[in-house]
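The sequence shown begins at 21 in the numbering used here and counts up one residue at a time. What follows is one structure encoded as structure tokens, with my remarks underneath.
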Amino acid sequence: MQIITANSLGDGRVVFQTPTGWSHDIGMADVLDSAGALEIALARANLAAAQNRVVEPYAVDVKRGPAGIVPVKLRERIRAEGPTTGNSRHKDAAHTEAA
21 MQIITANSLG
31 DGRVVFQTPT
41 GWSHDIGMAD
51 VLDSAGALEI
61 ALARANLAAA
71 QNRVVEPYAV
81 DVKRGPAGIV
91 PVKLRERIRA
101 EGPTTGNSRH
111 KDAAHTEAA
């Protein structure tokens, strides 16, 4: 099983191809179960790249877990979950230390 991912040129965030466009939510990703479906999805993604909506689309191996779609590789799990540093993580750490 695979999905298509890229980065949005609008805000730079990771996006996942859905049946109707792109989403920041991996749970909305179009899961591809065949080589033919993958070829069509990559063609759609490359068209979006040519239209300057996304950059560098590519396929990611995924599996279904208890919480939904999960990328097989650690790098892709990190991309799907968002930054490992930044304001949201620092706020949580600061709040925990103050408590």
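Just so you know, even glycine gets a beta-carbon here, dropped at the ideal spot from N, CA and C.
Can you say whether residue i is buried or exposed, counting buried as having 16 or more other CB atoms within 10 angstroms of its CB?
| i | result |
| --- | --- |
| T25 | buried |
| A55 | exposed |
| I60 | exposed |
| I98 | exposed |
| A68 | buried |
| A65 | buried |
Skipping 5 residues on each side, what residues in its chain have a beta carbon closer than 6 Å to that of residue i?
| i | result |
| --- | --- |
| S43 | F36 |
| A100 | I46, P91 |
| L94 | none |
| D50 | Q37, T38, P39 |
Considering only residues of the same chain and omitting the five flanking positions on each side of residue i, which have a CB-CB separation below 7 Å?
| i | result |
| --- | --- |
| V80 | Q22, I23, T25, P91, E96 |
| K83 | M21, V90, V92 |
| L58 | Q22, L52, A79 |
| L29 | N72, R73, V74, V75 |
Rounded to whole angstroms, what's the CA-CA distance from residue i to residue j? Just pull it up for me.
| i | j | result |
| --- | --- | --- |
| E76 | T104 | 21 Å |
| T38 | M48 | 6 Å |
| D112 | A63 | Residue placement at D112 is poorly supported in this model, since its pLDDT is 43, which falls under 50; the coordinates still yield a value, given next. Spanning the two alpha carbons is a distance of roughly 40 Å. |
| V34 | P86 | 22 Å |
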